[in-house]
Structure formats: structure tokens, C-alpha cells
């Protein structure tokens, strides 16, 4: 199950990964509860995993925990450059997970886009101050993410650009070695 604030682009990440096609930055995907299925191989065995996206709006706070049953792992998305998403991970998302699913593994992911995130701009900075500020901002959010992951016993904290297929795939790859209760894929 993927949780996090709406600004973390959970739906775009989930749809890009499960469809195997990248979405454009301006694609909008409204979500209340979305899902996708992926198959993967570990050794000689094929497995299937259902990935569920939950809405981050307060209106659905009472419904979200209903889909947490039988969850094998959680991905908690934050957005690099937006401190409120880290604060909400600490005060809302992780406590909600721990309340309803104690002991279920959590992987934290700091998400960047190719849009306005300081950490994802590929163009040259206007001056050395802005380059230094971006580096400091990214380092701060990475430290914040790693600190939260340690505090709450998460498996790890990682960062990725959701419009980069290799980086995005890397986040979901981190779920595979987590001891999951996956059913053998029979398709």
C-alpha cells in the first residue's frame, strides 16, 4: 500500500510503474483508491503483487485503514523540497500504519519530479548560491527522511525522480527482498 500526501504524486508513480510507461509531468490522475498489479521473478519463481494507492485527503481518513488488512508492506511517500510531507509522514501516515498494522514493514521514499522540485532541476543554477541552496535542501530532506526511517523502524529511506523509470523502479524493487507474504503467481 502506498500512502502519503497528494502532492507526493503517488498515483503518477504507481501508474507509471504498473503500466510500464512513464506519464508526462502534466498528466493528472485523480485517485480515491487506485491499484495496479505487477509480476516479478525471484529465482525460478514468479510472484504477483497488488500495489494500492490511497487518497491523502482527510475526507477519507476513516476509510483508508480498511484496505490495510493483509498488507505485506507500506511505501510512505514524501516529496523532496516540501517539508510538510515529512511532517505528515511523522505525525499522520506512519502512526496510522503502526496503529492498524503493527510490525508490517515500511519503506520511505522521497519523491522528486522533473517539475519544480529544487532537487530535480537539471538546468544550471543562476548562481552558485542557488546551486548550494539546492544541495543543502536536498541533503536536509535526505537526512530528515533517514532520521524518520530510523525513528519508526522503517526498512529504509530512498529517493527517486518519478519520471525516471530506473529510479522509480528502484523504489518498488526495495519491496521485493522484504519478507512478504506473496502468493505464487499462477498466470
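Numbering (this note's numbering), first residue to last: 22 to 208.
Where a beta carbon is used, it is the ideal one built from N, C-alpha and C, also for glycine.
Small disclaimer: the values here were computed from a predicted structure and weren't measured.
Item to complete: With a cut-off of 8 Å on the beta carbons, I'd call residue 176 and residue 126 a contact; round off their distance for me.
Response: 5 Å
Worksheet item: Can you tell me whether residue 180 is buried or exposed, with buried defined as 16 or more other CB within 10 angstroms of its CB?
Response: In this structure residue 180 is buried. Its beta-carbon is surrounded by 16 or more other beta-carbon atoms within 10 angstroms.
Worksheet entry | Residues near residue 174 in its chain [Cβ-Cβ closer than 8 Å; skip 5 each side] | 127
Practice prompt. For residue 39, name the three-state secondary structure that DSSP assigns.
Written response: If DSSP states are grouped into helix, strand and coil, residue 39 belongs with the helices.
Discussion item. Tell me which residue opens and which closes the beta strand (DSSP E) that residue 99 is part of.
Written reply: 95-100
Discussion item. So for residue 132, helix, strand or coil by DSSP?
Written reply: strand
Worksheet item: What does DSSP give as the partner residues of residue 170 in its beta bridges?
Response: Looking at the DSSP assignment, residue 170 forms no beta bridge with any residue, so it has no partner.
Worksheet item: What are the residues that DSSP puts in a beta bridge with residue 181?
Response: 132
Worksheet item: What do you get for residue 194, buried or exposed, if any count of 16 or more other CB atoms within 10 angstroms of its CB means buried?
Response: exposed
Worksheet item: Using 8 Å as the Cβ pair cut-off and three pairs as the minimum, do the segment 28-37 and the segment 112-125 touch?
Response: They do not touch, by the three-pair rule.
Item to complete: Using beta-carbon positions only, say whether residue 95 and residue 122 come within less than 9 Å of one another.
Response: Contact flag set, yes.
Worksheet entry | Best match in 171, 185, 134 and 22 for proximity to residue 92 [C-alpha to C-alpha] | 22
Item to complete: Thinking residue 110 and residue 169 are a contact (beta carbons under 8 Å), I'd like their distance in whole angstroms, please.
Response: Confirmed, Cβ separation roughly 6 Å.
Worksheet entry | Test item: CB-CB of residue 100 and residue 25 under 9 Å | yes
Worksheet entry | Three-state secondary structure assigned by DSSP to residue 190 | helix
Fill in: Residue span of the alpha helix (DSSP H) that contains residue 116, given as start and end
115-121
Worksheet item: Going by C-alpha distance, which of 89, 86, 90 and 182 is nearest residue 102?
Response: The option with the nearest alpha carbon to residue 102 is 182.
Worksheet item: With a Cβ-Cβ cutoff of 9 Å, do residue 161 and residue 130 count as a contact?
Response: No.
Practice prompt. Could you tell me which residues DSSP pairs with residue 176 in its beta bridges?
Written response: DSSP lists no partner for residue 176.
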